[in-house]
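Line by line, the protein sequences give chains X and G. At position 10 of the first sequence the residue is numbered 10 (the UniProt record's numbering), and the sequence of numbers has no breaks. At position 330 of the second sequence the residue is numbered 330 (the UniProt record's numbering), and the sequence of numbers has no breaks.
2 protein chains.
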Amino acid sequence: MNTTPRIVVLGAGYAGMMTTKKLMKYLSPEEAEIVLVNKHNYHYQTTWLHEVAAGTINQNQVRIMIRDIISPNRVRLIYDTVEEIVTDEKIVKLENSEIPYDYLVISLGFETNTFGIKGMDEHAFFIESFDQCQLIREHIEYQFANYKNHPEADESSLTILVGGGGFTGIEFIGELVERIPNLCRKYDIERKKAKIINVEAAPSILPSFDPDLVQYAKKSLQDRGAEIMEGTRIQECTEEGFIVGDNNELIKAGTIVWTGGVTGNSVLGKSGFELTKGKVTVNGDLRAPGYENVFILGDCAWVMNKEDNRPYPPTAQAAMQHAITCAKNIRALLHNGTLEEFTFHDKGTVASLGVTDGMGTVFNGKKLYGKTAAAMKKVVDDRYLFLLGGPHLLLKKGKIRPF
Amino acid sequence: MNTTPRIVVLGAGYAGMMTTKKLMKYLSPEEAEIVLVNKHNYHYQTTWLHEVAAGTINQNQVRIMIRDIISPNRVRLIYDTVEEIVTDEKIVKLENSEIPYDYLVISLGFETNTFGIKGMDEHAFFIESFDQCQLIREHIEYQFANYKNHPEADESSLTILVGGGGFTGIEFIGELVERIPNLCRKYDIERKKAKIINVEAAPSILPSFDPDLVQYAKKSLQDRGAEIMEGTRIQECTEEGFIVGDNNELIKAGTIVWTGGVTGNSVLGKSGFELTKGKVTVNGDLRAPGYENVFILGDCAWVMNKEDNRPYPPTAQAAMQHAITCAKNIRALLHNGTLEEFTFHDKGTVASLGVTDGMGTVFNGKKLYGKTAAAMKKVVDDRYLFLLGGPHLLLKKGKIRPF
Numbered sequence: 001m002n003t004t005p006r007i008v009v010l011g012a013g014y015a016g017m018m019t020t021k022k023l024m025k026y027l028s029p030e031e032a033e034i035v036l037v038n039k040h041n042y043h044y045q046t047t048w049l050h051e052v053a054a055g056t057i058n059q060n061q062v063r064i065m066i067r068d069i070i071s072p073n074r075v076r077l078i079y080d081t082v083e084e085i086v087t088d089e090k091i092v093k094l095e096n097s098e099i100p101y102d103y104l105v106i107s108l109g110f111e112t113n114t115f116g117i118k119g120m121d122e123h124a125f126f127i128e129s130f131d132q133c134q135l136i137r138e139h140i141e142y143q144f145a146n147y148k149n150h151p152e153a154d155e156s157s158l159t160i161l162v163g164g165g166g167f168t169g170i171e172f173i174g175e176l177v178e179r180i181p182n183l184c185r186k187y188d189i190e191r192k193k194a195k196i197i198n199v200e201a202a203p204s205i206l207p208s209f210d211p212d213l214v215q216y217a218k219k220s221l222q223d224r225g226a227e228i229m230e231g232t233r234i235q236e237c238t239e240e241g242f243i244v245g246d247n248n249e250l251i252k253a254g255t256i257v258w259t260g261g262v263t264g265n266s267v268l269g270k271s272g273f274e275l276t277k278g279k280v281t282v283n284g285d286l287r288a289p290g291y292e293n294v295f296i297l298g299d300c301a302w303v304m305n306k307e308d309n310r311p312y313p314p315t316a317q318a319a320m321q322h323a324i325t326c327a328k329n330i331r332a333l334l335h336n337g338t339l340e341e342f343t344f345h346d347k348g349t350v351a352s353l354g355v356t357d358g359m360g361t362v363f364n365g366k367k368l369y370g371k372t373a374a375a376m377k378k379v380v381d382d383r384y385l386f387l388l389g390g391p392h393l394l395l396k397k398g399k400i401r402p403f
Numbered sequence: 001m002n003t004t005p006r007i008v009v010l011g012a013g014y015a016g017m018m019t020t021k022k023l024m025k026y027l028s029p030e031e032a033e034i035v036l037v038n039k040h041n042y043h044y045q046t047t048w049l050h051e052v053a054a055g056t057i058n059q060n061q062v063r064i065m066i067r068d069i070i071s072p073n074r075v076r077l078i079y080d081t082v083e084e085i086v087t088d089e090k091i092v093k094l095e096n097s098e099i100p101y102d103y104l105v106i107s108l109g110f111e112t113n114t115f116g117i118k119g120m121d122e123h124a125f126f127i128e129s130f131d132q133c134q135l136i137r138e139h140i141e142y143q144f145a146n147y148k149n150h151p152e153a154d155e156s157s158l159t160i161l162v163g164g165g166g167f168t169g170i171e172f173i174g175e176l177v178e179r180i181p182n183l184c185r186k187y188d189i190e191r192k193k194a195k196i197i198n199v200e201a202a203p204s205i206l207p208s209f210d211p212d213l214v215q216y217a218k219k220s221l222q223d224r225g226a227e228i229m230e231g232t233r234i235q236e237c238t239e240e241g242f243i244v245g246d247n248n249e250l251i252k253a254g255t256i257v258w259t260g261g262v263t264g265n266s267v268l269g270k271s272g273f274e275l276t277k278g279k280v281t282v283n284g285d286l287r288a289p290g291y292e293n294v295f296i297l298g299d300c301a302w303v304m305n306k307e308d309n310r311p312y313p314p315t316a317q318a319a320m321q322h323a324i325t326c327a328k329n330i331r332a333l334l335h336n337g338t339l340e341e342f343t344f345h346d347k348g349t350v351a352s353l354g355v356t357d358g359m360g361t362v363f364n365g366k367k368l369y370g371k372t373a374a375a376m377k378k379v380v381d382d383r384y385l386f387l388l389g390g391p392h393l394l395l396k397k398g399k400i401r402p403f
């Protein structure tokens, strides 16, 4: 009879991968069995997906085979889709089987939130999964090939309309202003015919950023041909484009992408967890309120900053820090130790604006611009690879190459 | 007053480019003004278009800027579309202007002939122009990206259906059997889900080839996953695919390409030339019957072999030989000399079956197979580049690189 407690980690995103890595390090096979469940046999860099969608990165750089990082000898890998968690029975129902757990880590990531904007679910693409971002890339190029071959085609088919001026939306625009001129050259299309338009309802894009940085980003993107429409509410998304503003103006586009909001995975609600705006507000030790053995991490969780009673920002950086606290707390539970409270260590945030431009803050709040920021962003990306898979993975998938 | 006779060359394909090159060599600026009219500012390798459509070649290798080969100081370059030739007035009407000529060379190339098959014009792509072949390439990849993102999608959307088992159709299949496995890997799709199907009405593909060569080609393509349906008549082309055979079987496909027939440019008919199956049967000196000063070359012409009273095959090799005879005969007309009769020097024909396979005959009728044939094919391609633009062009666009 096997009495080794079983830890089941759901989702191989930043939080799930890092939790699994840390559990492997903290616990021997005799102390706990570890199971990692993921839809695909690969982990992908969610924060790089906008580059896949724009077509500015080799897609293979964005994906990592899970078994290259997590040894199947130590961790049981199950590639399946989570359908529901039955907490009463300590069971996770998968599409093709079910798995009992003693300890559960829910790190299933985000789903796109369209805030009920009419037509958005039907007509817009989302920067949400690897597969969908490949489709966005192909969809964009197809518009160019098609326009070139049908001179009578509507010029607006070349327009790329991006809803939402948050982090993902703006980084995506940053890639598009580099990609689109290349497509124009490839298909002999005048650059000015292909519009790149960002629509944001709030008075300013990138609301959580310092105004100096926001100004810098706007100017950089506008100088390279993007239109930034701030304070512009999307009333409806149709097959043709967005209907915006009080005058219900139609902005036509061949490619429509919504980046304006995310929420937690819908499995949370289905499984009976209490939700606040689609996520679970977890305890300081990252457990779901009322559960001894269920941790919720990453984009599925609101983790509160006790200092100002507001949630920490839902970033990859935070998700990876959640993972460390979670793994330590599971070890504490197994050893009847004391659980620690999560504290976020802000290492700064840098947004890329294409390959050679960017802006953000680091460490002590110092502002970075331009090439320095772009390089810093790549260092941040590479640091994660190093933490995840050591120097080997860094060499294989890193953005800054030492040779 | 300018009394220098003006030679106008219509079309910058194999025949038009080579004629212009030879005229530049044979005639001084005092002897004749030379004008080259072409729709685009680039020449493209028509015989490489199937590689663009399959996505197996860098498209920039297929295109050559005309002004890199033909000096605008010697030749007036007009980038416009020919609408009609008014032979009575010795004028060519272009979309945006008109140009009078003293000597005219019509080398406007082919148009696709669907032989009246219902729906083919509406629903099939043609390997016809650079722009359209780029669209085919993008269309194919889009099917894969879309299928991957919509698992409920019909598997037949991955099928590529090629109508016509002639030279172009089979060379296209040869590229697809190399390209499709790569796309399957890129989008994590099982190879067997993506079908490549060739449909030919005649009892055998490649009817003008030696049966041994045909057998070799068939086996090579079938071994790499292509289906070859011979003796199968296409009754109709619909949005969904081909309806074939006596039982009206529907073969569904996401990509439909027709390669089954070509005819001469439709400007010929509009301009009052007498046509045989869409082309003009020219005199032995390559002039249109009844015209002292109009030459018709390449895919617009039937050039008869007096030995067996059948037309020579309409190949790039023949078109380039037409060019030399035509340029010599224009020089003869200017100098009141004797015009020469065209004779075709058959240097053999090699068909590629992908990058590393091929088959064909050379020089003395010797049969070639496999890598030797594939290499020979590249030598043939490179020879043309050398003839057209010398060692510089060969280095820039050639298929075999000396380093």
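From the three backbone atoms N, C-alpha and C, an ideal C-beta is built for every residue, glycine too.
Exercise for review: Pick out whichever of Val267/G, Phe115/G, Asn283/G and Trp302/G has its Cα sitting closest to the Cα of Glu95/G.
Suggested key: Val267/G
Review point. Taking Cβ positions, are Gln134/G and Val8/G nearer each other than 8 Å?
Key: no
Check your understanding: Should the segment 192-201 of chain X be called in touch with the segment 290-301 of chain X, which here means at least 3 C-beta pairs below 8 Å?
Key -> no
Practice item. Can you give me the Cβ contacts of Ala323/X inside the same chain, cut-off strictly under 7 Å, excluding the 5 residues immediately before and after it? Key: Ala15, Met18, Thr19, Lys22 and Leu297
Practice item. Would you mind listing the alpha helix (DSSP H) stretches within the segment 198-281 of chain G that are 4+ residues and don't spill past its ends, in chain order? Key: 211-223 and 267-270
Exercise for review: Compute the distance between the beta-carbons of Val257/G and Ile57/G, then report whether it is under 8 Å.
Suggested key: no
Review point. What does Thr361/X pair with, by DSSP beta-bridge criteria?
Key: Thr349/X and Lys367/X
Practice item. Could you tell me if Arg137/X is buried or exposed, where buried requires 16 or more neighbouring beta carbons within 10 angstroms of its beta carbon? Key: buried
Exercise for review: State yes or no: is the beta carbon of Gln61/X nearer than 8 Å to at least one beta carbon in chain G?
Suggested key: no
Point to revise | DSSP-derived helix/strand/coil call for Pro181/X | key: helix
Exercise for review: Assign Glu111/G to one of two classes, buried (16 or more other C-beta atoms within 10 Å of its C-beta) or exposed (fewer than that).
Suggested key: buried
Exercise for review: Could you pull the start and end residues of the alpha helix (DSSP H) that Arg67/G belongs to?
Suggested key: Ile66 to Ile69
Point to revise | Cβ pair count under 8 Å reaching 3, the segment 185-196 of chain G against the segment 157-172 of chain G | key: yes
Point to revise | Per-residue burial, Asp299/G [other beta carbons within 10 Å of its own, 16 or more giving buried] | key: buried
Exercise for review: Taking only beta-carbon positions, decide if Leu145/G is within less than 8 Å of chain X.
Suggested key: Strictly speaking, residue 145/G in this sequence is Ala, with Leu absent from that position. Yes, its Cβ sits closer than 8 Å to a Cβ of chain X.
Point to revise | Touch test, the segment 299-308 of chain X against the segment 271-279 of chain X, Cβ-Cβ under 8 Å, three pairs minimum | key: yes
Review point. At a cut of 8 Å, does the segment 325-339 of chain G reach the segment 142-153 of chain G through at least three beta carbon pairs?
Key: no
Exercise for review: Look at the Cβ atom of Ile70/X, then the Cβ atom of Val35/X, and state whether they are nearer than 8 Å.
Suggested key: no
Exercise for review: Note the first and the last residue of the continuous beta strand (DSSP E) segment covering Asn38/G.
Suggested key: Glu33 to Asn38
Review point. Should Lys39/G be flagged as near chain X, meaning a C-beta pair shorter than 8 Å?
Key: no
**Study point:** Which listed residue (Ile251/G, Asn60/G, Leu353/G and Pro313/G) has its alpha carbon closest to that of Tyr216/G
**Key:** Leu353/G
Exercise for review: With DSSP as the reference, please indicate the residues paired to Thr46/X in a beta bridge.
Suggested key: DSSP, once it has assigned bridges, lists no residue as partnering Thr46/X.
**Study point:** Where Pro402/G falls, given that 16 or more other Cβ within 10 Å makes a residue buried
**Key:** At Pro402/G, the pLDDT of 45 sits below 50, so the modelled position is not reliable; the number obtained from the coordinates is stated separately. It is exposed - the Cβ of Pro402/G has fewer than 16 other Cβ atoms within 10 Å.
Exercise for review: Spell out a yes or no on whether the segment 172-191 of chain X and the segment 58-65 of chain X are touching, meaning 3 or more CB-CB pairs, one atom from each, closer than 8 Å.
Suggested key: no
Practice item. Could you please give the first and the last residue of the uninterrupted beta strand (DSSP E) stretch that includes Arg6/G? Key: Arg6 to Leu10
Review point. Cβ of Gln321/G less than 8 Å from any chain A Cβ?
Key: Note that chain A does not occur in the displayed structure, where the protein chains are X and G.
Check your understanding: Gly163/G bridges to which residues according to DSSP?
Key -> Val199/G and Trp258/G
Review point. Taking 8 Å as the CB-CB limit, is Ile256/X close to chain G?
Key: no
Exercise for review: Give the straight-line distance between the Cα atoms of His43/G and Leu49/G, rounded to the nearest whole angstrom.
Suggested key: 12 Å
Check your understanding: Which of helix, strand or coil does DSSP assign to Pro311/X?
Key -> strand
Check your understanding: Asp285/X to Lys377/X, Cα distance in whole Å?
Key -> 30 Å
Review point. Is Asp131/X close to chain G, meaning its C-beta is less than 8 Å from at least one C-beta of that chain?
Key: yes
Review point. Leu94/X by DSSP, collapsed to three states: which one?
Key: strand
Point to revise | Distance, Glu240/X Cα to Ser156/X Cα | key: 9 Å
Review point. Expressed to the nearest angstrom, what Euclidean distance is found between the alpha-carbon atoms of Leu206/G and Lys219/G?
Key: 13 Å
Check your understanding: Looking at the C-beta of Glu141/G, does it have a partner C-beta in chain X at a distance below 8 Å?
Key -> yes
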